[in-house]
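Per this note's numbering, residue 34 is the first one in the sequence shown, and the count goes up by one each step.
The structure appears right after this line, and notes come after that.
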Amino acid sequence: MSELRLAHETRRACFCALTVAVATGEGEISARRIAAAVLRDAAVRAVCDVGGISVEELTALVDDQGERSFQQVLTSIEESLAAREESFGSSSHINSIQPLPLSSNMKKAFEAMADRGPFGGHLAQ
34 MSELRLAHET RRACFCALTV AVATGEGEIS ARRIAAAVLR DAAVRAVCDV GGISVEELTA
94 LVDDQGERSF QQVLTSIEES LAAREESFGS SSHINSIQPL PLSSNMKKAF EAMADRGPFG
154 GHLAQ
């Protein structure tokens, strides 16, 4: 696989997905978690709007997790960090997260994107 360089927004989405996966005790970062994180990005939401795609409906399809929904878990994490006077993505927060592997489907997807070049602005050029 060629070296994969992710755009800032995609790196942030992957970190959010990792954080949620760790908080819920998942063993890997799933495509669903990354998709839920990417759908929070303003640029992705704008593209969906232009294409007539409902972000809310799409989010429901990829993140139907009930009480463990991406947004609910992320909100809980942010509240916990704020209570400790830390911020999401701070050095101390990043250092506290144990890395998890990507799911096999996500590995394949990132490999395919890297082999084909920049994809939708989410791979750095």
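By construction, the Cβ of each residue, glycine as well, lies at the ideal position given by its N, Cα and C atoms.
Next item on the list: May I have the straight-line CA-CA distance separating L94 from R66, to the nearest angstrom?
Entry: Rounded to the nearest angstrom, the two C-alpha atoms are 12 Å apart.
Next item on the list: Using the Cα positions of R73 and Q131, report the straight-line distance between them to the nearest angstrom.
Entry: Taking the straight line joining both Cα atoms gives about 23 Å.
Next item on the list: Using three-state DSSP, classify L107 as helix, strand or coil.
Entry: Looking at L107 - three-state DSSP - the assignment turns out to be helix.
Note to self: So, with DSSP's three-state summary, where would you put G153?
What the structure shows: Because the pLDDT at G153 is just 49, under 50, the model does not fix this residue reliably, and the point stays unresolved.
Check: According to DSSP, what are the bridge partners of L135?
Finding: The partner list for L135 (beta bridge, DSSP) reads I62.
Next item on the list: Compare the Cα-Cα distances from D109 to each of P134, A54, T43, R45 and report the closest residue.
Entry: Correcting the residue type first, residue 109 is Ser in the shown sequence and not Asp. If we check each option's Cα against that of S109, A54 comes out closest.
Notebook entry, point to check: Less than 8 Å separating the beta-carbons of A70 and F121?
Noted result: Against a cut-off of 8 Å, the Cβ pair of F121 and A70 comes out as no contact.
Checklist line | the segment 83-91 in contact with the segment 42-59 per 3-pair CB rule at 8 Å | finding: Taking one beta carbon from each stretch, the segment 83-91 and the segment 42-59 have fewer than 3 pairs nearer than 8 Å; the two do not touch.
Notebook entry, point to check: If you follow the alpha helix (DSSP H) that E90 is part of, which residue opens it and which one closes it?
Noted result: E90: member of the alpha helix (DSSP H) spanning 88-95, first to last residue.
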